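Protein chains in written order, with our numbering: chain A, 52 to 179; chain B, 52 to 179; chain C, 52 to 179; chain D, 52 to 179; chain E, 52 to 179; chain F, 52 to 179.
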């Protein structure tokens, strides 16, 4: 249905427009349908649901990606996404630190390093 | 420091008082210090930090436990905890459904079944 | 789009009709949309794609579920699904044994026990 | 080579003779070669190597199984194995508690509960 | 037994001769026995078994490595291995996309990127 | 309590003084409290406990980090830590090889490569 893709794009625009464009480009020649699925299922179906605000959704996603490990690019994208929908930097750091309790210190430390990289990239961009 | 334990107990009291008493009892004769660590580190150090409200902390924890798998008892406790600090049932279900995107459908389906069990237990208790 | 749900049901009918009905029933009152997502995304979008036959798809799924762990119900369903789309029992056991190499012996041993349970259930059912 | 199987049996005899017999029996009719692989590769090849004593090997295994999760039966077997090759109960509990740092509190708490079950089974057996 | 090593080499020659030589070289001075174990157990014992064809075995392995995460080099090797035993590129991409369902989108996206890298390396090599 | 931090620093000094200073520096401006937690909880509370010697503790940690995956920096630090508290290189390699049994060959191979990197760094440093 056209609608799911359109709704997905609208949600992606709110959450992380640049990251999603990069993803689409990277998948274009190898697995374009996976790119379409990303728009349609996570962003068109799931993030579009009522019942949980986008800020809470991004908190859940940052927590899960930190806990799962080996998700660096996605975690970077969702840290930016969390900032874009109303989290502040300290809230993001708190979510990641909390993962030390549930997934162990190595995941939390890696997550904080990834957040640091994101924040530095954003600061550099703002300084230009 | 006395304070960490006291602060931890205070936070546990807000989040899931019954679950933590059961945990302490279960650990009492086998690893009492692990019980003390649970009070002091997660609840005394981490959940006590400013910068993220308790409701957001429980959303992050429900997300992580669902994604990690093999955490049934902890997930049950934190679903109750999330309810106790202001989440409603639909919000919890939304967090768990969202994990289908990041950790796959089996984790999300298991998480929903666990939530269902918790809600039924609570309803039974309220009916008595 | 109506089509996705219809296509998903058709694929589910081929792969594991009983398991999916049980899943839908279990999710009905707690997270019916997750049930719908299962029909639409995995079975309507993914399993419906050309380019890989259903038997190979079930081999991939049995492998992944064995490797991930804490997926007992899903693994049971997909072992039956694999049988329904043309795998024989020995092929399924071979896939699971092979996981000892990639995910370690505990996952492979658990997987074999789960397959044994499925085969015994099927044999009992056929004897009635 | 006969030798690997014989060496494996000898090591299994030292580490956990009962558990391995139960495993062999359970696998006999469904995947007997996986049973043979368990004897030959982990116990014939790996545990037989010089360079690390059996007690240290069991400490490593208890740590890994606790961290990985969804390994209850194997963890029970290796807790008994650790006791059989010279660990005392406190050492085993310490290894498991330490996993709170690396794999999070839920894995450590589950591990301690499993150890408790093992110790109680052993105590019951000794009281008969 | 000489046989296992010889059988393993023969299977490795069919599946991914270059990757296995690189692995042996890398392990030579640090853990040569682990290199030998790789030849003997996975390739001499497991891949040599009747009951499942090599193409299906590689599909199972690509699925599992994608789902487990943090397995980049092994996944690259087995994508090449899958091509060498009869999978086409589209089948490999389909297996990886399917993992979005069972292990979440981040694992599937990473897997597709790794496949892309492999395909580009092969195309470059063929163009020289 | 001052004591926990002081005890933690003392244990870190024994285990891996350089790694911990690097960690503190890296966390200083982004999440200094996570740095403090690392000193206080793992090293002040856990590693300080009687009942398990430091060498056994490092064996457990190297095993767990190898098995969990996506823990490269932490594994490097703990391989050095294991050497600092009395493990020799062969013992460390044995622990990592053994993980092939419990977490699969990819984790063991990655672990051995990481150990190789650590040993080469140490040899270079000693040659200067």
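For every residue, glycine included, the Cβ atom is placed at its ideal position computed from N, Cα and C.
Note that this is a predicted model, so its numbers are computed, not measured.
Using the C-alpha atoms, what's the distance from residue j back to residue i?
i: residue 179(B); j: residue 152(A); result: 35 Å
i: residue 65(B); j: residue 169(C); result: 44 Å
i: residue 94(A); j: residue 94(D); result: 49 Å
i: residue 122(F); j: residue 158(A); result: 8 Å
i: residue 98(A); j: residue 156(C); result: 38 Å
i: residue 164(B); j: residue 161(C); result: 21 Å
i: residue 124(E); j: residue 149(F); result: 20 Å
i: residue 63(D); j: residue 154(F); result: 20 Å
i: residue 138(F); j: residue 112(F); result: 12 Å
i: residue 146(B); j: residue 108(A); result: 7 Å
i: residue 69(D); j: residue 136(D); result: 14 Å
i: residue 171(D); j: residue 174(B); result: 34 Å
i: residue 60(B); j: residue 126(F); result: 34 Å
i: residue 90(B); j: residue 67(F); result: 28 Å
i: residue 75(F); j: residue 92(F); result: 14 Å
i: residue 84(A); j: residue 133(E); result: 22 Å
i: residue 71(C); j: residue 176(C); result: 18 Å
i: residue 57(F); j: residue 128(B); result: 34 Å
Give the residues of chain D in contact with residue i, contact being defined as C-beta atoms less than 9 Å apart.
i: residue 90(F); result: Chain D residues near residue 90(F): none, gap ~12 Å exceeds 9 Å.
Strictly below 8 Å CB to CB, what residues from chain D border residue i?
i: residue 136(A); result: Within 8 Å Cβ-Cβ: nothing; residue 136(A) doesn't reach chain D, min ~27 Å.
Would you mind telling me which residues of chain B sit closer than 7 Å to residue i, beta carbon to beta carbon, in chain order?
i: residue 96(F); result: 88
Please compile the residues from chain E whose C-beta is within a distance smaller than 7 Å of the C-beta of residue i.
i: residue 168(A); result: Going along chain E, no residue has its Cβ under 7 Å from residue 168(A), so there is no contact; the nearest lies around 17 Å.
i: residue 76(A); result: Ordered by position in chain E, no residue passes the 7 Å Cβ test against residue 76(A), which lies about 12 Å from the chain.
So, residue i versus residue j, is the Cβ gap smaller than 8 Å?
i: residue 115(F); j: residue 73(D); result: no
i: residue 166(D); j: residue 110(D); result: no
i: residue 96(E); j: residue 88(D); result: yes
i: residue 120(F); j: residue 86(E); result: no
Under 7 Å Cβ-Cβ, which residues of chain C neighbour residue i?
i: residue 82(D); result: 144, 148, 163
For residue i, decide whether its Cβ has a neighbour in chain G, counting only Cβ atoms nearer than 8 Å.
i: residue 122(D); result: Going by chain labels, chain G is absent from the structure shown, which instead holds the protein chains A, B, C, D, E and F.
Under 8 Å Cβ-Cβ, which residues of chain A neighbour residue i?
i: residue 116(F); result: 157
i: residue 153(D); result: 155, 156, 157
i: residue 111(B); result: 110, 111, 113, 114, 146, 149, 150
Since residue i meets chain B, which of its residues come closer than 8 Å, beta carbon to beta carbon?
i: residue 102(A); result: 141, 142, 144, 145
i: residue 70(A); result: Chain B residues near residue 70(A): none, gap ~15 Å exceeds 8 Å.
Show which residues of chain D have a CB atom less than 7 Å away from the CB atom of residue i.
i: residue 108(F); result: 149
Which residues in chain E sit within 9 Å of residue i, going by Cβ to Cβ distance?
i: residue 85(A); result: 144, 147, 148, 151, 156, 159, 160, 163
For residue i, return the contacting residues in chain F, with the cut-off set at a CB-CB distance below 7 Å.
i: residue 93(D); result: 152
Taking C-beta pairs closer than 8 Å, name the residues in chain E that residue i reaches, listed in chain order.
i: residue 125(A); result: 156, 157, 160
Closer than 8 Å by beta-carbon distance: list the chain C residues that pair up with residue i, in chain order.
i: residue 119(E); result: 118, 119, 153, 154
- Task: Could I get the ranges of all uninterrupted alpha helix (DSSP H) runs contained in the region 59 to 117 of chain E, with 4 residues as the minimum, in chain order?
- Result: Fully enclosed alpha helix (DSSP H) runs of 4 or longer: 68 to 79, 83 to 89.
- Item | Contact between the region 74 to 81 of chain E and the region 78 to 90 of chain C (3+ Cβ pairs under 8 Å) | no
- Query: Are the region 141 to 152 of chain F and the region 103 to 113 of chain D touching by the rule of at least three beta carbon pairs closer than 8 Å?
  - Reply: yes
- Task: For the region 127 to 178 of chain B, list the alpha helix (DSSP H) runs that are entirely contained and at least 4 residues long, ordered along the chain.
- Result: 140 to 154, 156 to 178
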